[in-house]
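Have a look at the structure below before the remarks.
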Amino acid sequence: MDGSSVSPLPCEAPLAMMESEKTPPRSPSQHDMPPPPDEKAPASVEVNRAVSWCESGRQIPCCSTAKVTQGCDVNLVLGFRGNLSRIPDPVKYATKFYHNRRYILVVVVSSILLIAASVLTIFWTIYYRKGFNMDDPKLQFNLHPVLMIGGYITLSGFSILLYRICRCCSHLIVKLCHTFFHACSIPCIVIGFMAVWDSHNQQQIPNFYSLHSWLGMITMGLFALQFVLGFFSFLILLCCENATYKFRSTMVPIHASFGVATFMLAIATAVTGLTQKAHFELGENYSQTIEEGIIMNSIGVILTGLGIIIPFAVRRSNSPANCKVYVTERI
């Protein structure tokens with residue numbers, strides 16, 4: 001082979017070292033090491049986080065298949081560097097767990113108050129107002145506070161909570177349960193309204209003159225409108241789910257906002273009704289802090305507490321953490 005056919009090495013190319021000129025390798029010094037990573041850099045933070053999971057020998061949260069053991073390869077567990085941002089932060093998970101426990105406490109307290117409102121109202125009407133009797137106009141009236149608080153407050157409140165907290169069930173099943181609780185409150189509201197209507201007519205008491213009655217009519221109108229529109233928009237229109245998706249998504253915030261507004265109006269109506277009843281039945285004795293007055297005030301305080309805690313439970317964000325960790329053998 002002609003030597004002229006071989007391309008000469010460029011002048012800048014270093015000459016190969018002879019075997020005898022090579023020095024044995026030495027351990028790298030601090031100057032040979034790269035600079036430490038920036039603590040604010042997301043990649044370095046995520047790598048340290050992954051290493052902490054490896055060293056602790058714990059299972060990566062949100063992953064049922066990835067088990068990190070002592071001495072594991074971080075890159076092997078993570079799969080590739082692009083997934084480092086999906087590794088959950090233990091501190092954030094501890095905070096999330098704390099908030100979840102606090103939210104469970106809020107739901108439990110809300111449920112207790114919803115039940116207590118109806119139970120205390122039944123106790124008040126039976127123990128202090130002599131129970132129920134459709135033949136006696138005064139005793140017939142006692143159905144009004146029991147059924148109205150049971151329908152507007154207890155059943156509607158549980159319907160609101162059920163739709164908010166049951167995120168693990170099928171969305172259609174949650175909708176049906178939400179509708180069922182509201183449907184159960186309808187006969188309570190109708191019978192309670194007819195009871196006070198007949199009681200007033202038999203005693204020659206005028207209707208719809210007080211603030212309580214005005215608020216009650218507004219609440220009934222909003223409740224009926226909410227039920228009809230909700231039933232039509234979120235159940236009937238599911239027959240054409242794809243075609244009505246945009247309309248239903250537009251109706252969701254409107255329905256939710258007016259639902260909470262209706263619940264708050266029901267509480268305001270009940271509180272004004274209790275105050276009106278206390279002044280009519282107890283008269284001057286109401287200012288003497290008698291037992292019946294304390295019971296009625298306690299019902300009002302429970303209703304006020306529900307007006308505070310139910311909107312908080314409904315509006316609070318409680319979406320679960322959504323993370324994925326990929327396990328692969330390649331980097």
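Mapping to the UniProt record's numbering: the sequence shown position 226 is 226, numbers consecutive. Note that beta-carbon positions come from the ideal geometry of N, C-alpha and C, so glycine has one too. Keep in mind that this is a model prediction, so the values were computed, not measured.
Buried or exposed: residue i, going by 16 or more other Cβ atoms within 10 Å of its Cβ?
i, result
"Trp-124", "buried"
"Pro-145", "buried"
"Phe-232", "exposed"
"Phe-280", "exposed"
"residue 334", "With the chain covering only 1 through 331, there is no way to say anything about residue 334."
"Leu-114", "buried"
"Thr-262", "buried"
"Phe-141", "buried"
"Ala-224", "exposed"
"Arg-164", "buried"
"Val-190", "exposed"
"Met-134", "exposed"
"Ser-249", "exposed"
"Ser-257", "exposed"
"Cys-239", "exposed"
Specify, as a first and last residue, the run of the alpha helix (DSSP H) that residue i falls within.
i, result
"Trp-138", "Going by the sequence as given, residue 138 is Lys instead of Trp. Note, Lys-138: alpha helix (DSSP H), 137-141."
"Pro-206", "Pro-206 -> no alpha helix (DSSP H), and no H or E assigned at all."
"Gly-131", "Counting along the chain, Gly-131 falls outside any alpha helix (DSSP H), and DSSP gives it neither H nor E."
"Tyr-163", "156-165"
"Ser-249", "245-282"
"Gly-293", "291-315"
If residue i sits next to residue j, beta carbons under 8 Å apart, how far is it from one beta carbon to the other, in whole angstroms?
i, j, result
"Gln-226", "Gly-192", "No, Gln-226 and Gly-192 are not in contact; Cβ-Cβ is about 18 Å, not under 8 Å."
"Thr-269", "His-212", "6 Å"
"Ile-218", "Leu-274", "With 8 Å as the limit, Ile-218 and Leu-274 do not qualify as a contact, their Cβ atoms being about 18 Å apart."
"Ala-313", "Leu-162", "That pair is no contact at about 11 Å."
"Ser-199", "Gln-276", "Actually they are not in contact, since the Cβ atoms of Ser-199 and Gln-276 sit about 14 Å apart, beyond 8 Å."
"Ile-186", "Ile-267", "Incorrect: roughly 19 Å between the Cβ atoms, too far for contact."
"Phe-181", "Leu-222", "Not a contact, Cβ separation roughly 17 Å."
"Val-271", "Leu-303", "6 Å"
"Ser-110", "Ile-309", "5 Å"
May I have the straight-line CA-CA distance separating residue i from residue j, to the nearest angstrom?
i, j, result
"Val-108", "Gln-202", "42 Å"
"Pro-137", "Leu-172", "44 Å"
"Val-252", "Lys-175", "12 Å"
"Leu-143", "Ile-290", "23 Å"
"residue 333", "Ser-170", "Only positions 1 to 331 of the chain appear in the structure, and residue 333 is not among them; the question remains open."
"Cys-188", "Arg-102", "33 Å"
"Leu-282", "Arg-129", "11 Å"
"Leu-105", "Gln-204", "48 Å"
"His-255", "Ser-287", "42 Å"
"Phe-132", "Phe-208", "23 Å"
"Ser-118", "Pro-311", "19 Å"
"Arg-315", "Gly-305", "16 Å"
"Gly-157", "Pro-206", "31 Å"
"Cys-177", "Leu-237", "17 Å"
"Asn-100", "Ala-278", "41 Å"
"Arg-167", "Glu-241", "20 Å"
"Gly-216", "Val-196", "12 Å"
"Leu-139", "Asn-285", "21 Å"
"Gly-307", "Trp-214", "19 Å"
"Ile-126", "Thr-179", "31 Å"
"Met-220", "Ala-116", "23 Å"
"residue 334", "Leu-235", "Because the chain here runs from 1 to 331, residue 334 falls outside it and cannot be looked at."
Comparing the CB of residue i with every heavy atom of the ligand MG, is any distance shorter than 6 Å?
i, result
"Arg-164", "The ligand MG is not part of this structure, which contains no ligands at all."
Exercise. State whether the stretch 292-311 contacts the stretch 149-160, with contact taken as three or more CB pairs (one from each stretch) at a distance under 8 Å.
Key: A contact exists between the stretch 292-311 and the stretch 149-160.
Quiz item: Hey, is the stretch 275-294 in contact with the stretch 241-250, meaning 3+ C-beta pairs nearer than 8 Å?
Solution: no
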